[in-house]
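A.B. asks: Quick one: this structure, given as structure tokens, is what I'll be asking you about.
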Amino acid sequence: MRNSDSDINVICLIGERGREVKEFVEHNLTDETRKKTILVVSTSERPALERVKAAYIATTIAEHFRDQGKNVMLVMDSVTRFARAKRDIGLAAGEPPTRRGFTPSVFSELPRLMERAGAGENGTITAFYTVLVEGDDMTEPVADETRSILDGHIILSRKLAAENHYPAISILDSASRVMPMIASDDHLAAAGKGRKLLAKYQEVELLIRVGEFKSGTDREADEAVAKNEHIKRFLQQGLFENSPMDSSVANLQKITK
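Structure representation (structure tokens):
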């Protein structure tokens, strides 16, 4: 959010601990950012109905500013806690549990909430919804349903985090459905080449670790091994570091050419 060029930020924190909310405001929002940021908070001890309502209140606030011609960034943490609160309400109302204990109303509610983000006639809402995945299982109900609704998925990796690689984004597992419509041909080509090199390195990584990899037998593998450290450095960024889009694309093209 520090480097966002949005006009308004709307942050919705659902089911967080009070201490975490305080730390987020103190350490992640600068004085300048706070002037254009609205927080909607319903902490973990609050009733399930209040936690569900917080998501709709935040979305309504974002819609209000979008209709005024503003470019709004909406961040909701987390959809999983929203879904759990909705499940609790459904169970109390007598709904039957279905997929992993979640009630049917949870899966009808998610698209109803998320479809409200996006571009309007005058402004835009760019929304980021975080999902807590149980056991790194991307097929668990909330993660699976969320992926079917949203235009992009940024998947985090415990393995990368353990290697002190931040942001710990798994490029090969992440995807954007709109990138082909908004990125230039050169950008798409460089990104595709980068993904291809990462996939090839992943394919031969075990051979490298056990000392069985032999250069010269596979030209693509040789290139992936030679460029792997450059790609890894490109994909890392400091928590408060700003990386402009143009320079990022230029660096990617330089690495993958």
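Using the working numbering, you'd call the opening residue of the sequence shown number 1294 and step up by one each time. Ideal Cβ placement from N, Cα and C applies to all residues, glycine included.
1. What are the boundary residues of the alpha helix (DSSP H) that V1426 is part of?
2. List the DSSP bridge partners of L1332.
3. Put L1449 into one of helix, strand or coil per three-state DSSP.
4. Can you check which of these residues, Q1529, T1423 and P1404, is closest to P1460 by C-alpha distance?
5. Using the three-state DSSP reduction, which class does A1461 fall into: helix, strand or coil?
6. Assuming A1348 and F1375 make a contact with CB atoms under 8 Å, what is their CB distance in whole Å?
7. Thinking just about the alpha-carbon of each residue, which of E1408, I1354, D1466 and N1521 is nearest to the one in Y1443?
8. Please report the distance separating the alpha-carbon of D1582 from that of N1302.
9. How many Å lie between G1487 and T1549 at the Cα?
10. What residue range does the alpha helix (DSSP H) around M1407 cover?
11. Taking its Cβ as the centre, do 16 or more other Cβ atoms sit within 10 Å of F1533, making it buried, or is it exposed?
12. Identify whether N1364 lies in helix, strand or coil by the three-state DSSP scheme.
13. Going by CA-CA distance only, name the one from L1332, L1453 and G1308 that's closest to E1319.
C.D. replies: On the basis of the supplied data:
1. Note, V1426: premise wrong, no alpha helix (DSSP H); not H, not E.
2. I1304
3. strand
4. Q1529
5. coil
6. 5 Å
7. Residue identity differs from the one stated: residue 1443 is Leu in this sequence, not Tyr. Checking every option, the nearest Cα to that of L1443 belongs to E1408.
8. The structure shown does not extend to residue 1582, since the chain is modelled only from 1294 to 1550, so the question has no answer here.
9. 6 Å
10. P1397 to M1407
11. exposed
12. strand
13. L1332
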